[in-house]
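Chains as they are written, first to last, in full-length UniProt numbering: chain A, 1 to 340; chain B, 1 to 264.
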């Protein structure tokens, strides 16, 4: 647009621009610049908890197997960014997900900083016991709102999977270990196509009822748009309080941030994301996967919302892991900032 | 191909000197050469009166002029103040009015400037109001370096909408920081119903090497379709046009929808 010459000199360096003018940099918990308040949208939560799923959901969809020591270093770096929840690994059989074969070593190897939570995925009781033995103090279980997806992914019906998870969550509760529930295909399924909000609500309610403290609604193939997100949340919020809900948006069709904005406007204040937008999509070769934590933080900072997370440090961790998986970042903020 | 995709407005070229923008050197041939489908507008950029005359001679039926909400940006770019830059367009507007040629006004740097940093919504409103009162039928508000976020978009639009009716407003969001679609959604929520975008997300950012540029039309159409908003655009044909131009430019698409669907 406009008549922009191809060579531009003397403009602010991007780092300077971001630091001094556009609300990025160290975000100090609770300290909001009064000048920023005007950019706060009314009706938005004051604080947003970011659940970093890069080391698990991100890496599990990356082809390059990252050595254990690099995974540990990556997670340790993330621990120093201000993130309060970092999903470490998955206690799943290495037959299914080779990237997570070193789950025990990673869990044992990371430095667990006080005040930060390190949940792990536990698909069954066996995985749960292994996780606990390795030092896990929070777990997650993974359901789906689609029968076909459930059968294809974990080889059983939704009902059977719920029975399995009941065992896990019950054991977790006995040991005072919090359990988070995921519902995948919340806005669409690669097998079935559209998924009704009612079905998602039913599965979510089941997981919440069995004792999961939080339900993360996942747009697994990124097909959702703000309209379908709104309908979904309207349905689920009839049964589950918004403070117990999270959104996990994939950016396969570029809709993630718009969908997240919609969720925030509806009162959700927990958002899953992956640094560098790690992880592709196993259902659309070449497509992108998770929403990038950097781009999410950029939006939240701009909205004047508190996250406690330092964007620069996240970008550094992103740079580290991209080198480890030998790929360029999927984060637009990182692309714009590092190449300036 | 873009015309066949059902887009109602396709900005064809820019009647700017090839010294500045070599890619647009063939502006006259392009405008004369394209098939002009009935019902579709083909505006062209006219940075000065000479360009305007050349555009009209080449058959242009709609033109676009541009201002900026930043004094420093204007000075660096075209070596004059905002007021002086708008005065230069007076000639074009008078001639266009006499010839019944609609003129669209662009305002750049509405959510941030690579030189000044923060831009006040009041300044954007002032420039938008000037262009509108000079006779522009529509004002396209451009987040030139893509730094905006939904709250800033809302503040800016609130200020502008005091001076220019929302029906005459458009947003032109760049996706440099991945915020374009969220910002566009905010604009729609505020009543804006005209959105600029570029197939395949063409164009980078001259201010951040390697960064992305325009919002990809495919991704925008995907969202609008999902929202049940009518656009008249055929996404499949749009994807084909995107694939075509990416091949011509020997580059990958910046559209996520294109990336996802092409490989299925």
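Glycine included, C-beta positions come from ideal geometry on N, C-alpha and C.
Proximal residues of chain A, C-beta to C-beta of residue 150 (chain B) below 8 angstroms:
Along the second chain, read from residue 1 onward, the residue named residue 150 (chain B) stands at position 150. The answer, in chain order, is 41, 261, 299, 302 and 303.
On a Cα-Cα basis, can you pick out the residue from B:122, B:177, B:75 and B:138 that is closest to residue 144 (chain B)?
Start at 1 with the first residue of the second chain, and residue 144 (chain B) comes out as number 144. The shortest CA-to-CA distance from residue 144 (chain B) to any of B:122, B:177, B:75 and B:138 is the one to B:177.
Which chain B residues are close to residue 226 (chain A), counting only those with a beta carbon under 8 angstroms from its beta carbon?
Working through the first chain from its first residue, we reach residue 226 (chain A) at position 226. Near residue 226 (chain A) (Cβ distances below 8 angstroms), the residues of chain B are 185, 223, 226 and 227.
Contact between the stretch 63-82 of chain A and the stretch 234-254 of chain A (3+ Cβ pairs under 8 angstroms)
Counting Cβ pairs under 8 angstroms, fewer than three are found: no touch.
What residues in the stretch 170-201 of chain B have a beta carbon less than 7 angstroms from any beta carbon of chain A?
From the stretch 170-201 of chain B, only 172, 175, 176, 177, 178, 179, 181, 182 and 185 have a Cβ closer than 7 angstroms to chain A.
Under 9 angstroms by beta carbon: chain A residues contacting residue 212 (chain B)
Along the second chain, read from residue 1 onward, the residue named residue 212 (chain B) stands at position 212. 332, 335 and 336, listed in chain order.
So, for residue 175 (chain B): in the same chain, excluding its five sequence neighbours on each side, which residues have a beta-carbon less than 8 angstroms away from its beta-carbon?
Locating residue 175 (chain B) in the second chain gives position 175, where the first residue counts as 1. Cβ neighbours of residue 175 (chain B) beyond the five flanking positions: 146, 181, 201, 212, 213, 214, 215, 216 and 254.
C-beta contact flag for residue 215 (chain A) and residue 193 (chain A) at 7 angstroms:
Counting from one through the first chain, the residue named residue 215 (chain A) turns up at place 215. Counting from one through the first chain, the residue named residue 193 (chain A) turns up at place 193. Cβ distance not < 7 angstroms, so residue 215 (chain A) and residue 193 (chain A) don't count as in contact.
Going by the beta-carbon positions, is the gap between residue 72 (chain B) and residue 138 (chain B) smaller than 7 angstroms?
Translated into positions along the second chain, residue 72 (chain B) becomes position 72. Translated into positions along the second chain, residue 138 (chain B) becomes position 138. In terms of Cβ geometry, residue 72 (chain B) and residue 138 (chain B) do not form a close pair [threshold 7 angstroms].
Determine whether the beta carbon atoms of residue 119 (chain B) and residue 69 (chain B) lie at a separation below 7 angstroms.
As a first step, residue 119 (chain B) must be located in the second chain, where it is residue number 119. As a first step, residue 69 (chain B) must be located in the second chain, where it is residue number 69. Less than 7 angstroms divides the Cβ of residue 119 (chain B) from the Cβ of residue 69 (chain B).
Inter-residue Cα distance where the pair is residue 330 (chain A) and residue 291 (chain A):
Here residue 330 (chain A) refers to the residue found at position 330 when the first chain is read from its first residue. Here residue 291 (chain A) refers to the residue found at position 291 when the first chain is read from its first residue. Each residue's Cα considered, the two are about 8 angstroms apart.
Chain A residues whose Cβ lies nearer than 8 angstroms to that of residue 50 (chain B):
Position 50 of the second chain, counting from 1, holds the residue named residue 50 (chain B). Residues of chain A with a Cβ closer than 8 angstroms to the Cβ of residue 50 (chain B) do not exist, since the nearest Cβ in that chain sits about 13 angstroms away.
Do you know whose CA, among A:183, A:156 and A:90, lies nearest residue 201 (chain A)'s CA?
Along the first chain, read from residue 1 onward, the residue named residue 201 (chain A) stands at position 201. Sorting A:183, A:156 and A:90 by C-alpha distance to the C-alpha of residue 201 (chain A) places A:183 at the top.
Can you list, in chain order, the residues of the stretch 243-260 of chain B whose Cβ is nearer than 9 angstroms to any Cβ on chain A?
Taking a C-beta cut-off of 9 angstroms against chain A, the contacting residues of the stretch 243-260 of chain B are 255, 256, 257, 259 and 260, listed in chain order.
Below 6 angstroms CB to CB, which residues in the same chain sit around residue 217 (chain A) once its five sequence neighbours on both sides are set aside?
Position 217 of the first chain, counted from the start, is the residue given in the question as residue 217 (chain A). 183, 186 and 247.
Is residue 274 (chain A) helix, strand or coil by DSSP?
Start at 1 with the first residue of the first chain, and residue 274 (chain A) comes out as number 274. The answer is strand: DSSP assigns residue 274 (chain A) an E or B state.
In or out: residue 175 (chain A) buried (at least 16 other Cβ within 10 Å) or exposed?
Position 175 of the first chain, counted from the first residue, corresponds to residue 175 (chain A). Exposed.
If we define contact as Cβ-Cβ less than 7 angstroms, is residue 219 (chain B) a contact residue for chain A?
Position 219 of the second chain, counted from the start, is the residue given in the question as residue 219 (chain B). Closer than 7 angstroms to some Cβ of chain A, the Cβ of residue 219 (chain B) qualifies, so yes.
Interface partners of residue 257 (chain A) on chain B, CB under 8 angstroms
In the first chain, counting from the first residue as 1, residue 257 (chain A) sits at position 257. Within 8 angstroms Cβ-Cβ: 178, 179, 181 and 182.
So what's residue 95 (chain A) in DSSP terms, helix, strand or just coil?
Within the first chain, residue 95 (chain A) is the residue found at index 95, counting from 1. In this structure, DSSP gives residue 95 (chain A) a state outside helix and strand, which the three-state scheme calls coil.
Tell me whether residue 92 (chain A) is buried or exposed, calling it buried when 16 or more other Cβ atoms sit within 10 Å of its Cβ.
Translated into positions along the first chain, residue 92 (chain A) becomes position 92. Within a 10 Å sphere around the beta-carbon of residue 92 (chain A) sit 16 or more other beta-carbons, which makes this residue buried.
Could you name the residues of chain B that residue 118 (chain A) contacts, counting a contact when the two beta carbons are closer than 7 angstroms?
As a position in the first chain, residue 118 (chain A) is number 118, starting the count at 1. Neighbours of residue 118 (chain A) in chain B, taken as residues whose beta carbon is under 7 angstroms from its own, are absent, since the nearest beta carbon is some 27 angstroms off.
Going by CA-CA distance only, name the one from A:251, A:90, A:124 and A:313 that's closest to residue 179 (chain B).
Counted from its first residue, the second chain places residue 179 (chain B) at position 179. Nearest C-alpha to residue 179 (chain B): A:251.
Just to confirm my understanding: we take residue 203 (chain A), look at its own chain, exclude 5 residues before and 5 after, and list those with CB closer than 6 angstroms. What are they?
Your numbering for residue 203 (chain A) matches position 203 in the first chain. Only 143, 145 and 183 meet the Cβ criterion.
Through-space distance from residue 22 (chain B) to residue 253 (chain A), alpha-carbon basis:
Within the first chain, the letter at position 253 stands for residue 253 (chain A). Within the second chain, the letter at position 22 stands for residue 22 (chain B). If you take the alpha carbons of residue 253 (chain A) and residue 22 (chain B), they lie about 33 angstroms apart.
What residues from chain B crowd round residue 219 (chain A), counting only those whose CB sits closer than 9 angstroms?
The sequence position of residue 219 (chain A) within the first chain is 219, counting from 1. By Cβ distance, chain B contributes nothing, its closest Cβ being about 11 angstroms from residue 219 (chain A), past 9 angstroms.
Residues of chain B with CB under 9 angstroms from residue 295 (chain A), in chain order?
Residue mapping note: residue 295 (chain A) aligns to position 295 of the first chain, counting from 1. Listed along chain B are 177, 178 and 179, each with a C-beta nearer than 9 angstroms to that of residue 295 (chain A).
Which residue spans inside the stretch 143-213 of chain A form an unbroken beta strand (DSSP E) run of at least 3?
Taken in chain order, the whole beta strand (DSSP E) runs of length 3 or more contained in the stretch 143-213 of chain A are 179-184.
Helix or strand or just coil, what does DSSP make of residue 13 (chain B)?
On the second chain, residue 13 (chain B) is found 13 positions in, with the first residue counted as 1. The answer is strand: DSSP assigns residue 13 (chain B) an E or B state.
Determine the DSSP secondary structure at residue 59 (chain A), reduced to helix, strand or coil.
One-based indexing of the first chain puts residue 59 (chain A) at position 59. Helix at residue 59 (chain A).
Determine, using beta-carbon pairs with one atom in the stretch 184-193 of chain B and one in the stretch 236-243 of chain B, whether at least three such pairs fall under 8 angstroms.
Result no; under three Cβ-Cβ pairs closer than 8 angstroms.
Under 9 angstroms by beta carbon: chain A residues contacting residue 216 (chain B):
Numbered from its first residue, the second chain carries residue 216 (chain B) at position 216. Result: 254.
Can you name the residues of chain B whose CB is closer than 9 angstroms to the CB of residue 251 (chain A)?
The count along the first chain starts at 1 and reaches residue 251 (chain A) at position 251. What residue 251 (chain A) touches in chain B: 178 and 256.
Pairwise C-alpha distance: residue 109 (chain A) and residue 3 (chain B):
Indexing the second chain from 1 puts residue 3 (chain B) at position 3. Indexing the first chain from 1 puts residue 109 (chain A) at position 109. The alpha-carbon separation between residue 3 (chain B) and residue 109 (chain A) amounts to approximately 58 angstroms.
Can you give the Cα-Cα distance for residue 98 (chain B) and residue 38 (chain B), rounded to whole angstroms?
For the purposes of this step, residue 98 (chain B) is taken as the residue at position 98 of the second chain. For the purposes of this step, residue 38 (chain B) is taken as the residue at position 38 of the second chain. One C-alpha to the other measures close to 23 angstroms.
Chain B contact residues for residue 292 (chain A), given Cβ-Cβ distances below 8 angstroms
Taking the first chain and counting its residues from 1, the one referred to as residue 292 (chain A) is at position 292. In chain order: 178.
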